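Take the working numbering: the final residue in the sequence shown is number 1436, and no numbers are missing along the way. These notes concern the structure reproduced below.
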Amino acid sequence: MKKHIYIYSPSGAVRDKAAFKRGVARLQAMGHEVELDVDALSSQQRFAGDDATRLAAIHRAAASKADVALITRGGYGLTRLLPVINYKKVAKAIEQGMLFVGISDFTAFQSAVLARTGAITWAGPALCEGFGVAGEPDDIMTACFDDLLLGQGEGAGWRQHRDALASQANAGEVDAVAAPIKASFSVSNASLWGGNLTVLSSLLGTPYFPEIKGGMLFLEDVGEHPYRIERMLTQLLYSGVLARQKAVILGQFTEFKLVPHDRGFKLQSVVAWLRTRVKVPVLTNLPYGHIATKVLLPVGAKADLSVEGRDALLFWGH
């Protein structure tokens, strides 16, 4: 199963060189041919080189004829490049079989590609945080990556949080009454899209925000307090984005710290509040985000969703 994997840096500079080396070595040990972009370790300020350098890296990745184009890390920087990316080259590479894989800041690229071309990219690991960890890479993440390379990845199943079916009577100081949560339901042939909530919400109102109707929107974030998460969800709510979906799927929101004056306001409070404001199902605990154990998701692909109680199954490509 030897594959050609192209490693490039379109966003933040690689700070953890040891993780970079471990990631490359692990992919090679898995039997893959790893090609490093000439500027993969470039650095200017917080970026992996100036804008022109990172733009050229994206275009080299698209022209590399690799099976997979995998980013080194997220951070910040891709939104600066969106107006000047050659989307025709990227779409052509995808049409020829290239899999663009990444997370976090990569949401900007994925959203723009979807909005401009309709082409499918993959939400998954980055080199350093996925394969460059000090211990062994997560088994589930690795298995999902292998399935992707083999063309066998067809879905993801998980259990929602225990409050998924709970009464919303205590949803907080809200005026609206929550819509009843269906114990069992399904969604068919809906576009799966989303990614990092901060990055995605920053694109709203731009040509790089996908106009998806009847889709399934998945979201995750890191280092954002629940009130910030609610504020960004509110932006998507008031702009009508959430109401146009068939389901909202919340992944992992990690590395935030609650404070005493929150007085019980937490992430569950945000979810409960959101459910009082939208008629579409709001699912929780999708195993995707800034965590070790994560699935890979096709951004822009048609997918189906089946929910039985707390158990959820998302599947595509069948």
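Using N, Cα and C, we set each Cβ at its ideal position, and we do this for glycine too. Small disclaimer: the values here were computed from a predicted structure and weren't measured.
In this structure, does DSSP put residue i in helix, strand or coil?
| i | result |
| --- | --- |
| A1421 | strand |
| F1263 | helix |
| Q1163 | coil |
| M1148 | coil |
| T1239 | strand |
| M1334 | strand |
| H1279 | coil |
| G1192 | coil |
| A1296 | The pLDDT assigned to A1296 is 45, lower than 50, so where the model puts this residue is not dependable; a value taken from the coordinates is nonetheless given after this. A1296 falls in the coil class under three-state DSSP. |
| H1343 | coil |
| H1122 | strand |
| D1223 | coil |
| G1248 | helix |
| A1184 | coil |
| P1201 | helix |
| E1272 | coil |
| A1410 | coil |
| D1157 | coil |
| V1396 | coil |
| Q1370 | strand |
| P1328 | coil |
| V1231 | helix |
| A1179 | helix |
| V1385 | Reading off the sequence, residue 1385 comes out as Leu, not Val. In this structure, L1385 counts as helix in the three-state DSSP scheme. |
| G1173 | The question names Gly, but residue 1173 is Leu in the sequence shown. L1173 falls in the helix class under three-state DSSP. |
| P1378 | helix |
Would a C-beta distance cut-off of 9 angstroms place residue i and residue j closer than the cut-off?
| i | j | result |
| --- | --- | --- |
| V1208 | P1243 | no |
| D1155 | R1140 | no |
| A1365 | M1334 | yes |
| E1338 | L1315 | yes |
| L1401 | W1311 | no |
| L1392 | L1432 | no |
| G1332 | Q1363 | yes |
| S1304 | V1425 | yes |
| A1137 | E1247 | yes |
| A1230 | Y1326 | yes |
| E1342 | F1374 | yes |
Report the rounded CA-to-CA distance for residue i versus residue j, giving the unit in angstroms.
| i | j | result |
| --- | --- | --- |
| D1264 | K1120 | 11 angstroms |
| V1340 | G1313 | 12 angstroms |
| K1384 | K1210 | 44 angstroms |
| G1275 | L1266 | 16 angstroms |
| K1183 | D1256 | 28 angstroms |
| Y1406 | G1369 | 5 angstroms |
| D1168 | S1161 | 8 angstroms |
| V1142 | V1152 | 7 angstroms |
| Y1126 | Q1228 | 15 angstroms |
| Q1163 | I1203 | 21 angstroms |
| A1301 | L1321 | 34 angstroms |
| H1408 | Q1278 | 18 angstroms |
| A1252 | P1344 | 29 angstroms |
| V1398 | A1390 | 13 angstroms |
| A1175 | S1357 | 34 angstroms |
| F1165 | G1427 | 44 angstroms |
| A1437 | K1206 | Since the first residue shown for the chain is 1119 and the last is 1436, residue 1437 is missing from the structure and cannot be characterised. |
| I1189 | D1223 | 10 angstroms |
| T1372 | E1254 | 21 angstroms |
| K1420 | G1236 | 11 angstroms |
| A1181 | H1150 | 19 angstroms |
| T1260 | I1123 | 15 angstroms |
What is the C-beta distance between residue i and residue j, in whole angstroms, given that I count them as a contact (C-beta under 8 angstroms)?
| i | j | result |
| --- | --- | --- |
| L1173 | L1145 | At roughly 25 angstroms, the Cβ-Cβ gap does not stay under 8 angstroms, so L1173 and L1145 are not in contact. |
| L1159 | V1186 | At roughly 19 angstroms, the Cβ-Cβ gap does not stay under 8 angstroms, so L1159 and V1186 are not in contact. |
| D1422 | S1306 | 5 angstroms |
| I1347 | V1396 | Rounded, the Cβ-Cβ distance is 15 angstroms, inconsistent with contact. |
| V1359 | T1225 | At roughly 14 angstroms, the Cβ-Cβ gap does not stay under 8 angstroms, so V1359 and T1225 are not in contact. |
| I1212 | T1411 | Actually they do not touch by this definition, with Cβ atoms about 27 angstroms apart. |
| W1434 | G1215 | Actually they are not in contact, since the Cβ atoms of W1434 and G1215 sit about 17 angstroms apart, beyond 8 angstroms. |
| G1271 | C1262 | 6 angstroms |
Does chain D have any CB closer than 9 angstroms to the CB of residue i?
| i | result |
| --- | --- |
| L1268 | Absent here is chain D; the protein component of the structure consists of one chain. |
query = Are three or more beta carbon pairs between the segment 1123–1143 and the segment 1193–1209 nearer than 8 angstroms?
reply = yes
inquiry  = Can you confirm whether the segment 1399–1417 touches the segment 1232–1243 when touching is taken to mean that 3 or more C-beta pairs between the two stretches lie within less than 8 angstroms?
reply    = yes
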